[in-house]
Structures are given as C-alpha cells and as structure tokens.
Ligand SMILES: [Zn+2]
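Residue numbers (the numbering used here): 16 to 324.
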C-alpha cells in the first residue's frame with residue numbers, strides 16, 4: 016500500500032514563535048520522501064515526527080530567505096552522520112548557489128553522504144521521478160523563488176469483466192495495454208473499451224510569493240496544495256508590497272484552480288489567533304481546509320474517481 020501524506024515541521028514565517036517552529040515540510044509520496052524549505056530547528060522537528068534523515072530522498076528549497084533554508088546545515092550534516100546510503104537530490108534556485116554552498120559547508124563535518132545537487136535554472140524546469148514529474152515554477156518575491164509541484168501521470172485500470180466479455184486474458188492483456196488495441200475474433204478491441212482512466216494525483220508547494228501566473232500554474236488541479244498565507248486581508252497592501260499572499264488570496268487561488276485539500280501555513284507572528292486564517296479562507300474555499308499546526312500530518316486525499324475510458 017503506497018502512502019502519500021504531508022507532515023508539517025513548522026509553520027512560522029520570519030521568526031519562530033513559542034508555538035510555531037520555522038517553516039519545514041515533508042512530503043511522503045510512495046518511495047519519495049521530500050523535505051521542503053527546512054527552516055531553523057527542522058532537524059529536531061523531524062525527530063518528533065519519526066521521520067529520519069535516512070528516509071529523505073530529496074530536498075527542495077524555494078528560496079534563500081532564512082526561514083526557508085537555515086535548517087539546511089543541520090539536516091545536511093545529519094545525512095552524513097547517519098551515513099545515509101543513497102544519494103539525496105537537492106533542488107534550489109540556481110541564483111542562490113552561493114548561499115547553498117555556504118549552508119552546505121557551514122561548519123566542519125565528516126562528509127560521507129552523497130548530495131545530487133540539481134539547481135533550478137529556468138521557469139518550468141521538470142525533473143522526472145519514478146513517481147511522476149517534479150516541476151518548478153517561478154514565483155514573485157524579492158529574491159529568486161521557485162514553487163514546486165509533483166504531477167503523477169494519468170494511468171489506466173483494466174476492467175476484468177469487460178476483458179472476459181471479449182475473451183481477453185493472460186499475456187494478451189499486457190499486449191493490449193502496450194499497443195493500445197488487440198484483434199480478437201475478427202474484431203479490434205481498444206484499450207479504452209476495457210479500461211477506465213486512473214487519474215494521476217498532484218501535490219503543489221507554493222511559497223513565498225505575491226499573486227502571479229506561477230501560483231496558478233502550480234495549484235492547477237492539485238489534490239493537496241500547501242500555500243503560504245503570511246497575512247490576512249487587513250494587511251493586503253503590505254502583502255503585495257513585500258511579495259506575500261493573504262489567506263483570502265490563497266483560498267481564491269485554490270477554488271479557481273480546482274484544489275481539493277488546501278493547507279495554509281507560513282503565518283506572520285502578528286496574528287495570535289489562527290482561527291482568523293480559517294475564517295478568512297473559508298469565505299472563498301469550500302473544500303478540505305487545514306490551517307497548519309506544527310507536527311501535524313495531512314493525508315493526500317483519496318484518488319479522484321476514475322472516469323470511463
Ligand atoms: Zn521569503
């Protein structure tokens with residue numbers, strides 16, 4: 016049974032608070048375990064979740080403001096300390112390579128773990144993974160920033176009763192899948208006649224940004240969208256000025272993009288009551304809504320219902 020879920024390590028923007036660690040998120044998606052934007056304290060937050068350094072397969076950094084990357088030194092050194100046996104891929108905006116180099120070697124340690132460093136050099140860059148495609152899109156923030164999305168391609172689920180109605184079985188099923196059609200008893204049977212589409216799932220990670228095309232490109236039809244909502248509508252002008260979103264904007268993006276589960280996070284410490292983010296977002300989004308708290312887990316919702324092929 017494959018597992019797809021988000022674990023929230025931290026939810027504070029800018030500075031940690033007594034209740035919120037700096038940013039940090041782990042997406043478990045089958046055999047990929049991706050750490051996004053590890054802020055300060057991420058190593059210790061991981062400990063609370065039971066996710067180990069050895070579990071990690073990949074690290075994605077949206078940009079090099081401290082709340083999104085100051086956890087890199089500890090996390091990277093931990094990979095070596097734990098002698099993680101597999102290479103760990105690392106993605107970040109290429110323009111921040113100098114910051115990455117400094118964070119990677121922030122202090123002395125015995126480096127044994129292998130990092131596969133693959134910076135993002137262009138908007139729309141795609142990386143093919145075993146579980147789908149990881150795509151980076153440029154966001155609008157004072158420094159070079161990319162959001163990420165993971166897109167699983169649509170698949171195909173064979174219908175046994177239709178197959179047997181056509182008298183198709185054994186190796187012929189494989190051939191029908193591969194070729195797309197099969198001639199049986201003088202008749203051509205197409206794959207669509209004996210299968211339904213198995214909709215691929217999508218995860219999107221949008222952080223930090225003002226409203227822009229990249230936000231919508233990432234959020235499109237996401238089953239699970241993690242998106243910053245640093246501010247509330249009362250600070251909309253400030254949000255636009257500094258390149259951030261309000262809870263209301265994030266919720267409208269989710270509705271317009273057909274998002275199923277919306278996770279709001281990266282909250283400014285100026286707001287004491289998280290309920291306000293919920294209430295503002297709820298006015299614009301009717302789906303599953305999570306105002307993230309540290310150390311909570313959010314499942315990727317079950318696959319959308321298959322449609323007739
Ligand atoms: Zn930032």
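From the three backbone atoms N, C-alpha and C, an ideal C-beta is built for every residue, glycine too. Since we're looking at a predicted model, the values are computed, not measured.
- Exclusion of the five residues before and after residue 26 leaves 35, 36, 38, 280, 281, 282, 307, 308 and 309 as the residues of its chain whose Cβ lies within less than 8 Å of its Cβ.
- Counting along the chain, residue 22 sits inside the beta strand (DSSP E) bounded by residues 19-25.
- Counting only residues whose CB is nearer than 5 Å to a non-hydrogen atom of ligand 1, the list in chain order is 80 and 223.
- Ranking 262, 73, 120 and 24 by CA distance to the CA of residue 143 puts 73 first.
- As the crow flies, the alpha-carbon of residue 24 is around 15 Å from that of residue 314.
- Taking C-beta atoms as the reference points, residue 141 and residue 154 fail to come closer than 8 Å.
- Rounded to whole angstroms, residue 134 and residue 203 show a C-alpha spacing of 48 Å.
- About 31 Å separates the beta carbon of residue 183 from that of residue 166, a gap too long to meet the 8 Å contact definition.
- Boundaries around residue 106 are those of the beta strand (DSSP E), 103-106, since no alpha helix (DSSP H) includes it.
- The beta strand (DSSP E) runs of length 3 or more contained entirely in the region 28-93 are, from start to end of the chain, 39-44, 47-51 and 73-75.
- Under the three-state reduction of DSSP output, residue 210 falls in the strand class.
- Inclusion of residue 226 and residue 242 in the CB contact set at 8 Å is not warranted, their separation being larger than that value.
- In this structure, residue 152 and residue 139 form a Cβ contact; the two beta carbons are roughly 6 Å apart against a cut-off of 8 Å.
- Contact between residue 251 and residue 296 does not hold, since their C-beta atoms are separated by about 14 Å, which reaches or exceeds 8 Å.
- Residue environment for residue 244: buried (at least 16 other C-beta atoms within 10 angstroms of its C-beta).
- Residue 186: member of the alpha helix (DSSP H) spanning 186-194, first to last residue.
- Fully enclosed alpha helix (DSSP H) runs of no fewer than 4 residues occupy 112-119 of the region 102-156, in order along the chain.
- Residue 274: not part of any beta strand (DSSP E); DSSP gives it neither H nor E.
- An exposed status is given to residue 320, since fewer than 16 other beta-carbon atoms sit within 10 Å of its beta-carbon.
- Contact between the region 167-181 and the region 207-219 is present: 3 or more CB-CB pairs across the two stretches fall below 8 Å.
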